[in-house]
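Asks: Below you'll find the structure I mean.
Numbering (full-length UniProt numbering), first residue to last: 1 to 625.
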């Protein structure tokens with residue numbers, strides 16, 4: 001392909017534009033020893049770039065002048081990544097567009113590609129890690145397809161294991177958007193292309209035969225990846241019989257003949273629960289259906305993989321002697337080694353617990369106490385966030401510049417409170433849940449260190465005169481973020497208990513729902529928690545978000561009960577009185593939001609929807625919720 005005049009390209013300005021001399025310095029003049037990958041675009045180098053006073057390791061992709069890809073793909077990649085931000089999509093740092101040189105600079109993925117670990121490296125991936133990688137990649141593709149954050153969905157068009165990168169914590173990130181296409185979300189068959197592009201072995205046969213590209217073409221390719229992950233075989237494997245060089249035919253024949261277990265990578269055969277294997281194989285096969293309409297959406301794939309992972313990765317709470325293995329993982333020591341006093345004062349017990357709680361891919365760092373003191377400026381009141389958790393929460397900054405939230409537990413807090421919280425945080429991974437980075441212990445106090453978040457409660461953001469007024473788009477993102485994370489928790493058999501003062505992070509906004517008024521009536525009466533109690537709290541969250549009214553700061557003489565009553569009347573005859581006058585949105589959108597909220601706060605829990613129904617209803621709408 002003619003690369004064209006790269007200097008004439010108009011590219012998004014939000015990325016850093018590197019000079020060619022900076023690239024030469026970062027790659028030591030494109031030293032061959034720094035090559036970490038080769039693809040259709042060209043060479044990928046590991047380099048070190050300077051960002052102010054900080055050196056940053058990056059992946060630097062340089063266009064090969066003989067490549068079939070060129071200026072068009074280069075521009076497409078930059079433009080696509082300028083529109084997309086997601087924890088499971090690779091991040092672009094910048095680019096160099098100097099003469100005939102076209103170079104892209106990405107965040108560095110220290111664990112390489114999924115393909116490397118399946119087909120090159122000697123140390124095999126565990127089954128649970130493979131599942132988590134698949135789930136992360138599926139979430140990234142779902143984000144592309146559903147158009148979250150942009151007006152158009154995206155078809156990747158080159159989904160394959162070598163385009164799934166793994167960061168230092170093994171989180172999967174979709175990469176290589178040079179062939180991607182934008183298209184309206186509500187049109188299932190978005191593009192008709194004369195020239196079919198992609199990678200042989202992953203190509204949707206319907207797309208190949210007709211040139212018609214849809215999101216279901218990505219789903220097909222992802223089905224190939226699923227069988228690749230399960231079997232350890234390449235999409236096109238010459239080591240198989242000639243008639244079975246294509247992984248898809250070989251795997252589907254095995255599945256049809258009831259021999260699915262025979263295709264499983266021998267390194268993980270004994271680690272897969274039979275039910276999980278069956279569901280995983282069935283999901284992969286559905287993705288490869290000859291009729292694209294019969295294939296699941298990526299949203300469906302995410303839900304199915306979450307189900308498989310939750311079954312496979314459920315903690316086994318049977319007591320076993322230290323060292324005994326269950327499905328290849330050691331029983332966490334706190335389940336088998338704690339006895340006697342379990343109070344906060346039992347420092348030895350705390351150390352045992354934290355030092356062994358890390359899951360198979362989550363190692364908790366132990367910070368020394370001085371690091372905590374320095375990060376919080378000696379627990380300065382200016383860094384303190386009030387009203388969250390069992391103690392105090394501080395915003396802080398580590399020596400490397402990373403922002404963090406530090407939860408300081410009071411010495412009289414119940415041991416079980418934070419033991420349960422840490423156990424959950426280590427196991428659960430979701431873009432809207434704060435990631436636990438590590439801990440510190442000083443005497444009888446425990447400090448949990450989380451990734452940084454925006455430090456404000458939802459009610460403060462809506463009502464505090466010192467806060468910028470939240471527009472409808474931001475409020476809607478909060479609603480969608482909370483719905484997404486609650487669905488994830490419920491699918492993993494976790495009741496969030498929004499009635500307690502627990503911080504829930506939704507789209508990186510803290511929605512502090514631990515107050516009276518958010519708690520479902522039946523919880524007041526019986527003390528029993530349920531997923532439907534979470535749904536009730538979510539309904540109240542919608543009320544607060546749409547009306548600007550808060551439980552402890554009502555507008556005028558409106559009580560909470562009167563607002564619920566007003567909602568009911570609003571559905572019968574819309575009135576602007578109940579809507580926060582500072583937001584501007586069309587009445588049809590508000591009607592949908594209020595209707596969902598009204599259903600969520602029904603007094604009888606059986607009349608409330610599930611979080612899955614809430615999320616599905618939002619995705620089926622042409623607009624958000």
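Ideal placement from N, C-alpha and C gives every residue a C-beta, glycine not left out.
So what does DSSP say about residue 544, is it helix, strand or coil?
Replies: Reduced to three states, the DSSP call for residue 544 is helix.
Asks: To the nearest angstrom, how far is it from the Cα of residue 76 to the Cα of residue 370?
Replies: Taking the straight line joining both Cα atoms gives about 47 Å.
Asks: May I ask you to report which of helix, strand or coil DSSP gives residue 611?
Replies: Helix.
Asks: Buried or exposed: where does residue 33 fall if 16 or more other Cβ atoms within 10 Å of its Cβ makes it buried?
Replies: That one is exposed.
Asks: Compare the C-alpha of residue 60 against each of 200, 258 and 24 and name the closest.
Replies: Taking only the C-alpha atoms, the option nearest residue 60 is 24.
Asks: Which runs of the beta strand (DSSP E) spanning at least 3 residues fall entirely within the region 17 to 70, listed in chain order?
Replies: You should have 35 to 38, 42 to 51 and 54 to 63.
Asks: For residue 547, does the count of other Cβ atoms within 10 angstroms reach 16, so buried, or fall short, so exposed?
Replies: It is buried - the Cβ of residue 547 has at least 16 other Cβ atoms within 10 Å.
Asks: With a cut-off of 8 Å on the beta carbons, I'd call residue 260 and residue 281 a contact; round off their distance for me.
Replies: Indeed, because the Cβ distance is near 5 Å, the residues count as touching under 8 Å.
Asks: Per the DSSP calculation, residue 96 is bridged to which residue(s)?
Replies: Partner(s): 103.
Asks: How many angstroms separate the CA atom of residue 133 from the CA atom of residue 396?
Replies: Computed Cα separation, rounded: 30 Å.
Asks: Using CA atoms only, rank isn't needed, just tell me which of 250, 228, 448 and 143 is closest to residue 297.
Replies: Checked all of 250, 228, 448 and 143; the closest Cα to residue 297 is 143.
Asks: Below 8 Å between beta carbons: does that hold for residue 88 and residue 136?
Replies: Contact: yes.
Asks: Taking C-alpha atoms, which residue in 473, 131 and 367 lies nearest to residue 449?
Replies: Considering only alpha carbons, the answer is 367.
Asks: Considering only their Cβ atoms, is the gap separating residue 169 from residue 113 smaller than 8 Å?
Replies: The answer is no: Cβ separation not under 8 Å.
Asks: Give a yes or no on contact between the region 111 to 129 and the region 41 to 49, applying the rule of three or more CB pairs nearer than 8 Å.
Replies: Not touching, per the Cβ criterion.
Asks: What do you get for residue 262, buried or exposed, if any count of 16 or more other CB atoms within 10 angstroms of its CB means buried?
Replies: Exposed, since its Cβ has fewer than 16 Cβ neighbours within 10 Å.
Asks: Could you say which of 153, 603 and 164 lies nearest to residue 213 if we only look at CA atoms?
Replies: For the residues 153, 603 and 164, the minimum Cα distance to residue 213 belongs to 153.
Asks: Just the C-alpha distance for residue 373 and residue 408, rounded to the nearest angstrom, thanks.
Replies: So the two alpha carbons sit approximately 11 Å from each other.
Asks: Comparing C-alpha positions only, which one of 97, 51, 29 and 22 sits nearest to residue 400?
Replies: The candidate whose alpha carbon is nearest that of residue 400 is 51.
Asks: Give the straight-line distance between the Cα atoms of residue 491 and residue 541, rounded to the nearest whole angstrom.
Replies: Looking at the two C-alpha atoms, the distance is approximately 21 Å.
Asks: Between the Cα of residue 289 and those of 275, 221, 278 and 268, spot the shortest distance and give me the residue it belongs to.
Replies: It is 221.
Asks: How should residue 538 be labelled, buried or exposed, when 16 other C-beta atoms within 10 angstroms of its C-beta is the threshold for buried?
Replies: Residue 538 is buried by the Cβ-count criterion.
Asks: Could you name the residues of the same chain whose beta carbon sits closer than 8 Å to that of residue 64, not counting the 5 residues immediately before and after it, in chain order?
Replies: Excluding residues within five positions, the ones whose Cβ falls inside 8 Å are 41, 42 and 43.
Asks: Closer than 6 Å by C-beta to residue 251: which residues in its own chain qualify, once you throw out the five before and the five after it? Chain order, please.
Replies: Only 227 and 263 meet the Cβ criterion.
Asks: Based on the DSSP output, what are the partners of residue 406 in its beta bridges?
Replies: DSSP, once it has assigned bridges, lists 394 and 449 as partnering residue 406.
Asks: For residue 163, collect the residues of the same chain with a Cβ closer than 7 Å to its Cβ; drop the 5 residues on either side in sequence, then sort them by chain order.
Replies: 174, 175 and 176, listed in sequence order.
Asks: Under three-state DSSP, which class holds residue 202?
Replies: Here residue 202 sits in coil by DSSP.
Asks: Would residue 21 be called buried (16 or more neighbouring beta carbons within 10 Å of its own) or exposed?
Replies: That one is exposed.
Asks: Mind checking whether residue 301 and residue 206 have CB atoms under 8 Å apart?
Replies: No; because the gap between Cβ atoms is not below 8 Å, this pair is not in contact.
Asks: Which residue or residues does DSSP assign as beta-bridge partners of residue 166?
Replies: According to DSSP, which records beta bridges pairwise, residue 166 is partnered with 172.
Asks: If I measure Cβ to Cβ from residue 531 and keep anything under 8 Å in the same chain, skipping five residues before and after, which residues do I get?
Replies: The answer, listed in chain order, is 490, 495, 610 and 611.
Asks: Beta strand (DSSP E) containing residue 91: first to last residue?
Replies: Careful: residue 91 lies outside any beta strand (DSSP E) and carries neither H nor E.
Asks: Over what stretch of residues does the alpha helix (DSSP H) that includes residue 442 continue unbroken?
Replies: Element bounds for residue 442: not the alpha helix (DSSP H) but the beta strand (DSSP E), 436 to 442.
Asks: My output table needs one value for residue 113: the three-state DSSP class, helix, strand or coil.
Replies: DSSP places residue 113 in strand when its eight states are reduced to three.
Asks: Taking 7 Å as the cut-off, is the C-beta of residue 24 nearer than that to any heavy atom in the ligand GTP?
Replies: The ligand GTP is absent from the structure shown, which contains no ligand whatsoever.
Asks: Ignoring anything shorter than 4 residues or poking outside the region 218 to 284, list the alpha helix (DSSP H) runs there in chain order.
Replies: Correct list: 247 to 256.
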